[in-house]
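Data first, discussion second: the structure below is written as structure tokens.
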Amino acid sequence: MPVFDHAEAIRATEAAEAKGLLSASAAANIRRWLVEPPFVAYLPSLLADIAAANWKALDDAFYAVLEFGTGGRRGRMHRVGTNVLNERTIAESARGLGDYINTRKADGAPRSCVIARDTRHNSPEFARMCARVLAAAGFKVYLFDEYRSTPLLSFAVRYLGCDGGIMITASHNPPSDNGFKCYNSAGGQVVPPDDSGIIERVKLASDRIIPEKPFDQAIADGSIVLVQDDVDRAYISSVLSASVGDARDLSIVYTPMHGVGETSVAASLLAAGFDRLNVLASQRTPDGDFPNVPGHVSNPEIPKTLAAAIAEARATGADLVLASDPDADRIGVGLPVSRDVTGEWTTLDGNQIGALLAAFVIERVKAAGALDPASQYIVTTLVTSRMARALAALEGVRAEDDLLVGFKWICQRIDQVGPAGFLFGFEESHGYLRGTYARDKDASVASLLFAELAAEQKRRGRTVLEYLDELYMKVGHYGEHLINKTFEGREGAGVIQKLMAAFRTAPPREIGGLGVLEVHDYKTHEIRSLDPKNPVKPLPQPSGDLLIFELDQADVRFAARPSGTEPKIKFYLFARSDIVAGDLSAAKLRTKDRLDRMTLDIEQYIADVVNAP
Numbered sequence: 000m001p002v003f004d005h006a007e008a009i010r011a012t013e014a015a016e017a018k019g020l021l022s023a024s025a026a027a028n029i030r031r032w033l034v035e036p037p038f039v040a041y042l043p044s045l046l047a048d049i050a051a052a053n054w055k056a057l058d059d060a061f062y063a064v065l066e067f068g069t070g071g072r073r074g075r076m077h078r079v080g081t082n083v084l085n086e087r088t089i090a091e092s093a094r095g096l097g098d099y100i101n102t103r104k105a106d107g108a109p110r111s112c113v114i115a116r117d118t119r120h121n122s123p124e125f126a127r128m129c130a131r132v133l134a135a136a137g138f139k140v141y142l143f144d145e146y147r148s149t150p151l152l153s154f155a156v157r158y159l160g161c162d163g164g165i166m167i168t169a170s171h172n173p174p175s176d177n178g179f180k181c182y183n184s185a186g187g188q189v190v191p192p193d194d195s196g197i198i199e200r201v202k203l204a205s206d207r208i209i210p211e212k213p214f215d216q217a218i219a220d221g222s223i224v225l226v227q228d229d230v231d232r233a234y235i236s237s238v239l240s241a242s243v244g245d246a247r248d249l250s251i252v253y254t255p256m257h258g259v260g261e262t263s264v265a266a267s268l269l270a271a272g273f274d275r276l277n278v279l280a281s282q283r284t285p286d287g288d289f290p291n292v293p294g295h296v297s298n299p300e301i302p303k304t305l306a307a308a309i310a311e312a313r314a315t316g317a318d319l320v321l322a323s324d325p326d327a328d329r330i331g332v333g334l335p336v337s338r339d340v341t342g343e344w345t346t347l348d349g350n351q352i353g354a355l356l357a358a359f360v361i362e363r364v365k366a367a368g369a370l371d372p373a374s375q376y377i378v379t380t381l382v383t384s385r386m387a388r389a390l391a392a393l394e395g396v397r398a399e400d401d402l403l404v405g406f407k408w409i410c411q412r413i414d415q416v417g418p419a420g421f422l423f424g425f426e427e428s429h430g431y432l433r434g435t436y437a438r439d440k441d442a443s444v445a446s447l448l449f450a451e452l453a454a455e456q457k458r459r460g461r462t463v464l465e466y467l468d469e470l471y472m473k474v475g476h477y478g479e480h481l482i483n484k485t486f487e488g489r490e491g492a493g494v495i496q497k498l499m500a501a502f503r504t505a506p507p508r509e510i511g512g513l514g515v516l517e518v519h520d521y522k523t524h525e526i527r528s529l530d531p532k533n534p535v536k537p538l539p540q541p542s543g544d545l546l547i548f549e550l551d552q553a554d555v556r557f558a559a560r561p562s563g564t565e566p567k568i569k570f571y572l573f574a575r576s577d578i579v580a581g582d583l584s585a586a587k588l589r590t591k592d593r594l595d596r597m598t599l600d601i602e603q604y605i606a607d608v609v610n611a612p
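Taking numbering that gives the first Met the number 0, I'd label the letters of the sequence shown as residues 0 to 612.
Next up, the structure:
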């Protein structure tokens with residue numbers, strides 16, 4: 000392979016741009032990295048990529064600056080680049096967060112940050128990089144030097160009284176990815192105006208040499224402190240305080256999917272008294288390649304990722320399967336279809352889990368004489384099933400469900416409305432929280448609550464699915480479907496923009512045999528009727544790139560939004576059917592048929608837009 004010097008690399012970059020192999024923005028960023036002092040440490044890697052003519056990889060790595068989405072900064076890892084995760088972009092992120100916190104602190108006031116990381120490739124190195132950068136910026140840094148869960152990080156910010164927190168994780172993304180999630184002093188993911196303020200400081204840091212304090216020196220002078228297990232014990236105690244049930248006769252197969260969950264989920268279940276816990280051996284070892292998970296994607300939203308745990312449960316006669324993603328903030332659930340645990344099993348989607356847990360929490364709090372509908376509430380998002388709202392209404396409990404996607408909005412609402420009345424919060428993407436010890440979703444408390452729910456139903460002589468059917472009988476049958484479309488790189492980002500523009504300006508007029516009545520556009524803050532005779536109506540906050548389409552049948556709608564953390568565009572489909580003459584089976588078939596027809600039409604519309612010139 001040829002070795003390029005600066006001049007040759009610049010000429011090669013200009014030639015690649017001229018041939019259309021590099022975008023203008025990527026070529027400009029590459030030239031900066033070739034000549035400016037802050038990037039000198041990365042020259043060997045960059046020169047090697049240019050010499051090898053890795054133009055596609057370089058274009059994807061440099062065409063933009065990776066920004067903060069609903070979960071922070073997340074993306075592919077590459078040794079060099081502005082639009083990927085590497086030591087330089089991680090250092091910029093840490094310094095930007097530190098500089099932003101410094102602007103909000105009085106001169107000379109102490110400032111602190113806690114840092115944790117998951118089991119992904121480069122996570123230990125990225126966490127230590129953040130610690131060295133913040134120590135050099137005058138922070139006292141609390142560092143978990145071993146892998147821990149994201150909700151534990153959220154808890155630790157509050158427990159240690161820090162000004163902020165950093166979690167190095169890409170949640171359930173593929174092994175190629177990693178991420179930087181930053182937290183405010185309340186333990187929640189940053190929200191406006193803090194997010195834009197941090198982004199601005201990160202941009203400023205991208206032009207500078209970023210100082211680092213040597214790790215051993217920082218340990219010696221106390222500017223980096225390794226977190227001890229007293230924080231873990233306090234966290235587990237807080238999770239257990241959210242318990243609502245006492246039934247414990249349950250056998251559980253649990254899989255951490257090669258992530259951190261054994262330190263939090265399994266520890267919480269065992270501490271709560273669920274001692275018949277079988278941690279799935281094939282997916283127990285922490286490993287950033289996620290080798291024994293189908294497709295190497297440890298996402299508990301995907302049913303096939305639970306297949307091995309379900310096989311183990313059937314073979315051993317277990318009652319329940321629980322799974323958590325690599326950073327242990329989301330759960331998946333598998334359970335038997337009938338009372339024969341060796342027979343057929345199924346999985347639940349995020350809306351079903353959320354509706355079950357919301358109903359169970361309300362039921363158990365009421366049974367304990369602690370339900371106060373005048374002050375208590377649940378929280379969900381605009382793209383979450385309305386079933387939880389209907390169930391809460393049966394007990395007079397308020398649902399705060401006008402939020403954008405992202406658990407940070409749920410946690411912000413908790414603090415806005417008042418933590419004392421918070422009963423339960425969830426979003427359709429398998430994230431759940433009860434209790435106020437943290438400000439992020441937590442697989443530990445969700446697993447504890449679901450285990451208690453399953454054990455309680457077993458004590459009553461019925462299955463969880465039978466309990467779910469009882470809930471449907473009360474409020475009607477709700478069904479949901481999610482369409483995920485992945486488009487990677489610069490070209491993919493353009494496709495996602497094209498799709499959002501089409502749905503925004505020329506939406507389909509009929510979906511699934513129903514007319515599309517109006518579009519709720521949370522970016523332009525308008526409600527637009529598809530009948531041009533009807534006036535445009537204002538739409539209040541929140542503000543985000545989200546479209547919700549109301550159809551001409553009650554409780555049937557769909558939504559479109561680009562993901563803030565992955566190269567995806569997502570479509571959320573919702574339908575509800577009344578239960579006529581007590582026939583739940585017929586209602587389920589009607590809901591399924593409606594969702595199937597909606598899916599076909601939306602898929603066709605997507606294909607038409609993508610393939611249009």
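Yeah, the Cβ is synthetic: ideal placement off N, Cα and C, and Gly gets one too.
Where residue i falls: helix, strand or coil (DSSP)
{"i": "Y141", "result": "strand"}
{"i": "T345", "result": "strand"}
{"i": "Y471", "result": "helix"}
{"i": "G187", "result": "strand"}
{"i": "P539", "result": "coil"}
{"i": "L545", "result": "coil"}
{"i": "H480", "result": "strand"}
{"i": "G430", "result": "strand"}
{"i": "L20", "result": "coil"}
{"i": "F421", "result": "strand"}
{"i": "D400", "result": "strand"}
{"i": "L393", "result": "helix"}
{"i": "R110", "result": "coil"}
{"i": "L33", "result": "helix"}
{"i": "R556", "result": "strand"}
{"i": "G491", "result": "helix"}
{"i": "L550", "result": "strand"}
Limits of the beta strand (DSSP E) - the one that residue i falls within
{"i": "S153", "result": "Taken as a continuous stretch (DSSP letters only), S153 belongs to no beta strand (DSSP E), being part of the alpha helix (DSSP H) at T149 to L159."}
{"i": "E525", "result": "E525 to S528"}
{"i": "P335", "result": "I330 to P335"}
{"i": "S384", "result": "No beta strand (DSSP E) contains S384, which DSSP labels as neither H nor E."}
{"i": "H519", "result": "L513 to D520"}
Buried or exposed by the 16-neighbour rule on C-beta atoms within 10 Å, applied to residue i
{"i": "M0", "result": "With a pLDDT of 44 at M0, under the threshold of 50, the modelled position of this residue cannot be trusted; read the value that follows with caution. Looking at its Cβ environment, which holds fewer than 16 other Cβ atoms inside 10 Å, M0 is exposed."}
{"i": "G395", "result": "exposed"}
{"i": "S297", "result": "buried"}
{"i": "I251", "result": "buried"}
{"i": "A606", "result": "exposed"}
{"i": "I208", "result": "exposed"}
{"i": "V463", "result": "buried"}
{"i": "K532", "result": "exposed"}
{"i": "A8", "result": "buried"}
{"i": "T346", "result": "buried"}
{"i": "D48", "result": "buried"}
{"i": "H257", "result": "buried"}
{"i": "K212", "result": "buried"}
{"i": "L599", "result": "exposed"}
First through last residue of the alpha helix (DSSP H) which encompasses residue i
{"i": "V444", "result": "A442 to R458"}
{"i": "S374", "result": "It is not in any alpha helix (DSSP H) - S374 carries neither H nor E in the DSSP assignment."}
{"i": "D59", "result": "W54 to F61"}
{"i": "A613", "result": "With the chain covering 0 to 612 only, the question about residue 613 has no answer from this structure."}
{"i": "F289", "result": "First-last for F289: undefined, no H or E at that position."}
{"i": "T304", "result": "That residue, T304, is in no alpha helix (DSSP H); it is neither H nor E in DSSP."}
{"i": "R127", "result": "S122 to A135"}
Per DSSP, cross-strand counterpart(s) of residue i
{"i": "M166", "result": "A115 and K180"}
{"i": "T254", "result": "A322"}
{"i": "I49", "result": "Partner(s): none; I49 has no beta bridge."}
{"i": "R461", "result": "Partner(s): none; R461 has no beta bridge."}
{"i": "I568", "result": "K484 and P561"}
{"i": "E509", "result": "G514"}
{"i": "A574", "result": "G478"}
{"i": "R72", "result": "F179"}
{"i": "L599", "result": "The partner list for L599 (beta bridge, DSSP) is empty, contrary to what the question assumes."}
Residue i Cβ short of 7 Å to the ligand NAD heavy atom set
{"i": "E490", "result": "Judged by which ligands are present, the structure shown has none, so any question about the ligand NAD falls away."}
Any chain C beta carbon closer than 8 Å to residue i
{"i": "D162", "result": "Chain labels in this structure do not include chain C; a single protein chain is all it has."}
Q) At what residue ranges does the segment 199-280 contain a whole run of the alpha helix (DSSP H), taking only runs of 4 or more? A) 214-220, 229-239 and 264-270
Q. Taking only runs of the alpha helix (DSSP H) that begin and end inside the segment 74-102, which ones reach a length of at least 4 residues, in chain order?
A. 86-102
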